[in-house]
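This report concerns only the one structure given below.
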Amino acid sequence: AQKVTQAQTEISVVEKEDVTLDCVYETRDTTYYLFWYKQPPSGELVFLIRRNSFDEQNEISGRYSWNFQKSTSSFNFTITASQVVDSAVYFCALSESTNTGNQFYFGTGTSLTVIP
Amino acid sequence: DVKVTQSSRYLVKRTGEKVFLECVQDMDHENMFWYRQDPGLGLRLIYFSYDVKMKEKGDIPEGYSVSREKKERFSLILESASTNQTSMYLCASSTGTGSYEQYFGPGTRLTVT
Numbered sequence: 001a002q003k004v005t006q007a008q009t010e011i012s013v014v015e016k017e018d019v020t021l022d023c024v025y026e027t028r029d030t031t032y033y034l035f036w037y038k039q040p041p042s043g044e045l046v047f048l049i050r051r052n053s054f055d056e057q058n059e060i061s062g063r064y065s066w067n068f069q070k071s072t073s074s075f076n077f078t079i080t081a082s083q084v085v086d087s088a089v090y091f092c093a094l095s096e097s098t099n100t101g102n103q104f105y106f107g108t109g110t111s112l113t114v115i116p
Numbered sequence: 117d118v119k120v121t122q123s124s125r126y127l128v129k130r131t132g133e134k135v136f137l138e139c140v141q142d143m144d145h146e147n148m149f150w151y152r153q154d155p156g157l158g159l160r161l162i163y164f165s166y167d168v169k170m171k172e173k174g175d176i177p178e179g180y181s182v183s184r185e186k187k188e189r190f191s192l193i194l195e196s197a198s199t200n201q202t203s204m205y206l207c208a209s210s211t212g213t214g215s216y217e218q219y220f221g222p223g224t225r226l227t228v229t
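Protein chains in written order, with our numbering: chain A, 1 to 116; chain B, 117 to 229.
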């Protein structure tokens, strides 16, 4: 079973529109971590945010905001007033504890295109 | 800034060749990872290492092996390359025993013909 589901494969928006990228995760751990990464056309994944399972406060960083809801096992990412430079593939990831440490599980990614 | 470098951005190899992909990180990170990225499948973990000379299988280790002789270097080895190993390979590193974010290299796009 997929531990991290990003149901939106591709999204296109017009510049300055808001867009929300969905992420649903599955875990039995009480302690876990969630992440968002951005992969621009250059290819290198860039870390955006990490949240632990005990901190459900929403976070805002400039035009980016994240909505963590344990009740629905979701960690959604919103870009406000999108720009062409936001065009990228975005990955959501989950980290769980295992016997040998922490293992990461990535979603399949959402490709965002911002049209000028 | 954390720097993760990979030996090649693009690589073309023939079926049956032994292929080495090298990854080096300069931040003294304990943990290193190898993923492959394929369209529609996201990132899949091949192998990871939490210490020198230590390795653990990820989700898709078949056809691959790894080597970590020094803390800063983590090598991925394709013992006998096959066409289904054509992919983008991403190396990552992270610090600590907790669940810290991973830092990624630029990737190696491997084509096996």
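For every residue, glycine included, the Cβ atom is placed at its ideal position computed from N, Cα and C. No experiment lies behind these values; they were computed from the predicted model shown.
Open item on the list: Within 10 Å of its beta-carbon, does valine 128 of chain B have 16 or more other beta-carbons around it, so buried, or fewer, so exposed?
Closed with: So valine 128 of chain B counts as exposed.
Task: Separation of methionine 148 of chain B from glycine 179 of chain B, as counted between CA atoms - done: 19 Å
Task: Under the three-state DSSP convention, the category serine 71 of chain A falls into - done: helix
Task: Three-state secondary structure (DSSP) of glutamine 141 of chain B - done: strand
Task: Separation of threonine 30 of chain A from glutamate 10 of chain A, as counted between CA atoms - done: 31 Å
Open item on the list: With H, G and I counted as helix, E and B as strand and the rest as coil, what does DSSP make of glutamine 8 of chain A?
Closed with: Three-state DSSP puts glutamine 8 of chain A in coil, outside helix and strand.
Task: Neighbourhood of serine 12 of chain A by C-beta distance below 7 Å, restricted to the same chain and skipping five residues each side - done: Thr113 and Ile115
Task: Short-range partners of chain B found in the segment 29 to 55 of chain A, where Cβ spacing is below 7 Å - done: Tyr33, Phe35, Gly43, Glu44, Leu45, Phe47 and Arg50
Task: Same chain, Cβ closer than 6 Å to glutamate 172 of chain B, five either side skipped, listed in chain order - done: Phe164
Open item on the list: Considering only the alpha carbon of each residue, which of B/Gly132, B/Cys139 and B/Trp150 lies closest to tyrosine 105 of chain A?
Closed with: B/Trp150
Open item on the list: Starting from glutamate 59 of chain A, trace the beta strand (DSSP E) in both directions and tell me its first and last residue.
Closed with: 59 to 61
Open item on the list: Suppose you measure from the CA of threonine 199 of chain B to the CA of serine 124 of chain B; what does that come to, to the nearest Å?
Closed with: Each residue's alpha carbon lies about 19 Å from the other.
Task: Coil, strand or helix - valine 19 of chain A by DSSP - done: strand
TODO: Could you tell me the distance, in whole angstroms, from the CA atom of valine 19 of chain A to the CA atom of phenylalanine 136 of chain B?
DONE: 41 Å
Open item on the list: So for threonine 80 of chain A, helix, strand or coil by DSSP?
Closed with: Here threonine 80 of chain A sits in coil by DSSP.
Open item on the list: Check this for me: beta carbons of serine 73 of chain A and tyrosine 25 of chain A, under 8 Å apart or not?
Closed with: yes
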